[in-house]
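> Residue numbers (my numbering), protein chains in the order written: chain E, 522 to 951; chain R, 35 to 457.
Mind looking over this structure? Questions follow.
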């Protein structure tokens, strides 16, 4: 083919989803998706096609879309390779009846007289990925993902919902201990207080974030701003900050697809072997996240391009985390003196161009005289990423939370990690 | 795909069955930093099989036509453990809806897309120093066919297109969009308005905390209500105790009118039938503030003992049909074309999806907000509005006249009285 570069991906995913809604298995489904994605780079311009067609037809149709001219280019992907993720217990060997039984046992832990609605969702997924490009590299991998999400709604002085999730690249073995049962009873117990909780104070104040909310902060407010496609678009506040101090001295931030958390992947969707990337080292911005194209344009390292199914691979995070510091939780509270302690996240949103972020915590507590006081509900947090990173104080104990991240209409599994931390930000009702 | 073979198989193994088939072809062009970056074409077809055995529903889907019998078998296997109850599928005949198919879409090629992107970018660049950072234009065509054991065999073809552009200048950014069933996108408007908002947002100031009259644009209204209000009038959420509107038919919630109309001519969400084959219709939900009805899919209508409203839609081919709004049309007695004086005017919101769909509580960051005071227009940054959607709906003062459809919502700008804003 008379082109600068082409690649072909073939992806097959099979997914089983079971939902136990108020004690009944509703909407059970099985889904198998098979598709191919083709990209052609010609005169620096990308032509793209996806569909279930032969390689020849797919490349031809992609080439027909490569009509313009541009400055597109790519760096090589490395050596390719093969990886099969081995699990201890293959979920396909566990009967569907046993899975349903497990869900019903978990649901019992969620129940209480103030709980008006429960949901337990089970998901198991296998992704088979095949990649070839015009330089001749070949990649094949298989990665399974599995997990359960528990959710309950409680009613007293207010209606409140709360959820927790256990999602991993793993087999059925992750359910062979009490972890998921403990998550369910925690949801039940917290809701007992949450429905009676007060509305939060508002204004700028000291905020202690738990690991889960801190993880969302580092993912949403900071991680998206170091995605190099945003840098090339000129739509991130960090565009010209490489090599500069962007955070407090002891802040280290990484993106690491090799950790066996929900964002795990042995290769990215452009055939590049997964590697840990240091984004902030001792407070200094050291690297952006790159695709093969952004790496070529900004002299970076590729490995961070991901795609939902056969969509176009774009720069994404995997397991993103801020490393732990040395303060104990009590020391963080003492340092905060007065403010709020916020726990968990109901999702968030950020604008990388301005650095403003906004997300809602699942619940929280007032901090008074360095100690936890009354519980608060429907509380949100907002602020500016850089000013928060400059003054963040980090606690001990790194913990990851799994989730799904959306960008440009594509959803991929990720995990966010952080220790408990202390920041100054705006708190409001939700 | 061998549908006949699947039908024969399902007739012998299930009490009732349904096959939903969809084929989508879309073409899009991506804009990055003022240039066209790529052109992409996507061809996707898939099918979903729903079966009923002993009153229990099983469901399996695939994009692989060769596996249809395997998919039917998986659906039958899931029916065994399923507690999703249903005794049959709806029977319906095919009808038509005006303005959802434009045959000109067949003529859209790479050159058309390049030209369209150029027009949008150029409209933005008429303003100095702006960066049309990110945008896209997409055209798509879909064919949907639904067959079931009740004798339904309906088919629909529809087209849609959209344009989106985010413009950045200094520390300010703004976006605008247009969506249509017909090939008539207002590309100049998208480019120019995004650029104007971005330019006006430079040197934005903080707002003082307090109570303000707030005008939400159609984009902001759509974002807020989709997450904070629409889930509440879904029959499924009502049945499951996840709605503040459960048991409140006949109660008053303000003075606005809200209609779900699945047959609105040229509506972005219009179709002759929903994704279960039920004919779509016009349902008055709030009439002058009084709650009249919920919208519902086939199964939850049966549970509630009402007629289905044709609101059973699938998010994707691989999703079960669930209660979903179609075109939601908002109306109010008082309308004026001048509603911005002495108010905080908000173009779009950040974080609407974090609203509490059960309680209706929200807390949102305003994007591209302006404070109008005595003819003066001042850009505002980092303003947050918060409250509860049911309280907010009682604070509607007046509707504007700038009616647009954004996603499902058809509304003008709306002015609300005394909304809490924090800086």
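Backbone N, C-alpha and C fix where the C-beta goes; we use that ideal spot for every residue, glycine too.
Which two residues bound the contiguous alpha helix (DSSP H) that contains residue 449 (chain R)?
Walking along the second chain from the start, residue 449 (chain R) turns up at place 415. It is not in any alpha helix (DSSP H) - residue 449 (chain R) instead sits in the beta strand (DSSP E) that spans 448-456.
> Hey, could you find the ends of the alpha helix (DSSP H) residue 166 (chain R) is sitting in?
Position 132 of the second chain, counting from 1, holds the residue named residue 166 (chain R). Here residue 166 (chain R) belongs to no alpha helix (DSSP H); instead the beta strand (DSSP E) covers 165-182.
> With distances taken between CB atoms, is the gap from residue 944 (chain E) to residue 722 (chain E) smaller than 8 Å?
Looking up residue 944 (chain E) in the first chain gives position 423. Looking up residue 722 (chain E) in the first chain gives position 201. Contact: no.
> Starting from the C-beta of residue 716 (chain E), find all residues in its chain whose C-beta is less than 7 Å away, skip the five residues before and the five after it, and write them out in chain order.
Along the first chain, read from residue 1 onward, the residue named residue 716 (chain E) stands at position 195. Here the set comprises 635, 675, 676, 677, 678, 679, 681.
> Work out the CA separation of residue 201 (chain R) and residue 712 (chain E) for me, nearest whole Å.
To locate residue 712 (chain E), count along the first chain from 1; it is residue 191. To locate residue 201 (chain R), count along the second chain from 1; it is residue 167. Cα to Cα, the separation comes out at about 43 Å.
> For residue 57 (chain R), name the three-state secondary structure that DSSP assigns.
The residue labelled residue 57 (chain R) in the question sits at position 23 within the second chain. Residue state, collapsed to three classes: strand.
> I think residue 398 (chain R) touches residue 418 (chain R), with their Cβ atoms under 8 Å apart; what is that distance to the nearest whole Å?
To locate residue 398 (chain R), count along the second chain from 1; it is residue 364. To locate residue 418 (chain R), count along the second chain from 1; it is residue 384. 7 Å between Cβ atoms; contact.
> Could you check whether the Cβ of residue 820 (chain E) sits closer than 8 Å to any Cβ belonging to chain R?
Here residue 820 (chain E) refers to the residue found at position 299 of the first chain. No, residue 820 (chain E) lies away from the interface with chain R (no Cβ there is under 8 Å from its Cβ).
> Does DSSP classify residue 825 (chain E) as helix, strand or coil?
In the first chain, residue 825 (chain E) corresponds to position 304, counting from 1. Of the three classes helix, strand and coil, the one that applies to residue 825 (chain E) here is coil, per DSSP.
> What residues in its chain sit with their C-beta under 6 Å from that of residue 262 (chain R), if we drop five residues either side in the sequence?
On the second chain, position 228 is the one that residue 262 (chain R) refers to. Cβ neighbours of residue 262 (chain R) beyond the five flanking positions: 389, 394, 396, 423.
> If we call anything under 8 Å between Cβ atoms a contact, is residue 845 (chain E) one with residue 915 (chain E)?
Residue mapping note: residue 845 (chain E) aligns to position 324 of the first chain, counting from 1. Residue mapping note: residue 915 (chain E) aligns to position 394 of the first chain, counting from 1. Contact: yes.
> Could you name the residues of chain R that residue 553 (chain E) contacts, counting a contact when the two beta carbons are closer than 7 Å?
Along the first chain, one-based indexing puts residue 553 (chain E) at 32. Going along chain R in sequence order, the residues near residue 553 (chain E) (Cβ under 7 Å) are 96, 98, 101.
> Rounded to whole angstroms, what's the CA-CA distance from residue 125 (chain R) to residue 183 (chain R)? Just pull it up for me.
Counting from one through the second chain, the residue named residue 125 (chain R) turns up at place 91. Counting from one through the second chain, the residue named residue 183 (chain R) turns up at place 149. Cα to Cα, the separation comes out at about 9 Å.
> Assuming residue 537 (chain E) and residue 621 (chain E) make a contact with CB atoms under 8 Å, what is their CB distance in whole Å?
Position 16 of the first chain, counted from the first residue, corresponds to residue 537 (chain E). Position 100 of the first chain, counted from the first residue, corresponds to residue 621 (chain E). Wrong, their Cβ atoms sit about 11 Å apart, outside the cutoff.
> Looking only at DSSP bridge pairs, what is residue 923 (chain E) linked to?
As a working mapping, residue 923 (chain E) is identified with position 402 in the first chain. Paired residues: E:936.
> Going by alpha carbons, who is nearest to residue 608 (chain E) out of E:667, E:788, E:656?
Mapped onto the first chain, residue 608 (chain E) falls at position 87. Of the listed residues, the one whose Cα sits closest to residue 608 (chain E) is E:667.
> In the structure shown, what three-state DSSP assignment does residue 626 (chain E) receive?
Here residue 626 (chain E) corresponds to residue number 105 of the first chain, with the count starting at 1. DSSP places residue 626 (chain E) in helix when its eight states are reduced to three.
> Any chance you could list the beta strand (DSSP E) runs of at least 3 consecutive residues sitting entirely within the stretch 841-873 of chain E, in chain order?
Those beta strand (DSSP E) runs which fall completely within the stretch 841-873 of chain E and span 3+ residues are 860-864, 869-872.
> Can you find a C-beta in chain R that's less than 8 Å from the C-beta of residue 588 (chain E)?
On the first chain, residue 588 (chain E) is found 67 positions in, with the first residue counted as 1. Interface residue, yes.
> Pull up the DSSP beta-bridge partners for residue 896 (chain E), would you.
Indexing the first chain from 1 puts residue 896 (chain E) at position 375. E:886.
> Under 8 Å: do the stretch 88-104 of chain R and the stretch 542-550 of chain E share three or more Cβ pairs, one atom per stretch?
yes
> At a Cβ threshold of 8 Å, is residue 212 (chain R) touching chain E?
The count along the second chain starts at 1 and reaches residue 212 (chain R) at position 178. Not one beta carbon of chain E lies nearer than 8 Å to the beta carbon of residue 212 (chain R).
> Using a Cβ-Cβ cut-off of less than 9 Å, list which residues of the stretch 123-139 of chain R approach chain C; keep chain order.
Here chain C cannot be found, since the structure's protein chains are E and R.
> Comparing the C-beta of residue 879 (chain E) with each C-beta of chain R, is any distance below 8 Å?
The count along the first chain starts at 1 and reaches residue 879 (chain E) at position 358. Taking Cβ atoms only, chain R reaches closer than 8 Å to residue 879 (chain E), which makes this a yes.
> Can you tell me which of the three DSSP states residue 395 (chain R) falls into?
Stepping through the second chain from its first residue, residue 395 (chain R) is reached at position 361. In the structure shown, residue 395 (chain R) sits in a strand (DSSP, three-state: E or B).
> With a threshold of 8 Å between beta carbons, is residue 159 (chain R) in contact with chain E?
Sequence index remark: in the second chain, residue 159 (chain R) carries index 125 (1-based). Not an interface residue.
> Could you pull the start and end residues of the beta strand (DSSP E) that residue 950 (chain E) belongs to?
Walking along the first chain from the start, residue 950 (chain E) turns up at place 429. Where residue 950 (chain E) is concerned, the enclosing beta strand (DSSP E) stretches over 942-950.
> Shortest alpha-carbon distance to residue 610 (chain E) belongs to which of E:645, E:703, E:587?
Along the first chain, read from residue 1 onward, the residue named residue 610 (chain E) stands at position 89. The shortest Cα separation from residue 610 (chain E) among E:645, E:703, E:587 belongs to E:645.
> Less than 8 Å between the beta carbons of residue 381 (chain R) and residue 258 (chain R), yes or no?
As a first step, residue 381 (chain R) must be located in the second chain, where it is residue number 347. As a first step, residue 258 (chain R) must be located in the second chain, where it is residue number 224. The answer is no: Cβ separation not under 8 Å.
> Could you have a look at residue 267 (chain R) and say whether DSSP puts it in helix, strand or coil?
Taking the first residue of the second chain as position 1, residue 267 (chain R) is located at position 233. Helix.
> With distances taken Cα to Cα, identify the nearest neighbour of residue 900 (chain E) among E:550, E:587, E:950.
Within the first chain, numbered from 1, the residue matching residue 900 (chain E) stands at position 379. Among E:550, E:587, E:950, the Cα nearest to that of residue 900 (chain E) is on E:950.
> Which residues, in chain order, does the stretch 576-605 of chain E contribute to contact with chain R at a C-beta distance below 9 Å?
Considering only beta carbons, the part of the stretch 576-605 of chain E lying closer than 9 Å to chain R consists of 582, 583, 585, 586, 587, 588, 589, 591, 592, 593, in chain order.
> In chain order, what are the residue ranges of uninterrupted beta strand (DSSP E) at least 3 long that sit wholly in the stretch 618-662 of chain E?
636-654
> In three-state terms, what does DSSP make of residue 445 (chain R)?
Within the second chain, residue 445 (chain R) is the residue found at index 411, counting from 1. It is a strand residue.
> Return the CA-CA distance between residue 377 (chain R) and residue 627 (chain E), expressed in angstroms with no decimal places.
Along the second chain, one-based indexing puts residue 377 (chain R) at 343. Along the first chain, one-based indexing puts residue 627 (chain E) at 106. Between the alpha carbons of residue 377 (chain R) and residue 627 (chain E) lies a distance of about 50 Å.
> Residue 352 (chain R) to residue 821 (chain E), Cα distance in whole Å?
Walking along the second chain from the start, residue 352 (chain R) turns up at place 318. Walking along the first chain from the start, residue 821 (chain E) turns up at place 300. Taking the straight line from one Cα to the other gives about 38 Å.
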